[in-house]
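**Q** Before anything else, here's the structure in question.
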Amino acid sequence: MTWTIERPPGRPVRRTADNRLAVPLRLSLTDGHTTDTELTLTLAEAEHLHAALCRALDGEPTPPAAPDCRQSVQASSGTAHIIGRA
Numbered sequence: 001m002t003w004t005i006e007r008p009p010g011r012p013v014r015r016t017a018d019n020r021l022a023v024p025l026r027l028s029l030t031d032g033h034t035t036d037t038e039l040t041l042t043l044a045e046a047e048h049l050h051a052a053l054c055r056a057l058d059g060e061p062t063p064p065a066a067p068d069c070r071q072s073v074q075a076s077s078g079t080a081h082i083i084g085r086a
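This is the structure in structure tokens:
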């Protein structure tokens, strides 16, 4: 049994009533069963995930369709620091 996880089209990240961020996800099994769910993150968790993704993307060429934040904040790990922990 193999799972596939992807972002469902047309479902943006949103804020929840309790000030969390909900990231829509689609889980699919190789047998064809699919379900939509959400990963909910506190604002601090979202910031840490954002920072980790920025570090992982560092050094990769920025695609033309990349969002503005990817084009303006890309920095080497030597210049990016996380201060504190959630």
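So the sequence shown is numbered by UniProt numbering: it starts at 1 and just counts up by one.
Yeah, the Cβ is synthetic: ideal placement off N, Cα and C, and Gly gets one too.
Where in the segment 1–59 do unbroken runs of the beta strand (DSSP E), each at least 3 residues long, occur, reported from the N-terminal end onward?
**A** Here the runs fully enclosed are 3–6, 21–29, 34–41.
**Q** Compare the C-alpha of residue 46 against each of 15, 7, 61 and name the closest.
**A** It is 15 whose Cα lies nearest to the Cα of residue 46.
**Q** To the nearest angstrom, report how far apart residue 23 and residue 52 are at their CA atoms.
**A** Roughly 16 Å between the two C-alpha positions.
**Q** Nearest-angstrom Cα distance between residue 66 and residue 60?
**A** Residue 66 and residue 60: Cα-Cα distance of roughly 12 Å.
**Q** So residue 25 packs on residue 39, CB below 8 Å; how close in whole Å?
**A** The pair is a contact, with the Cβ atoms about 6 Å apart (cut-off 8 Å).
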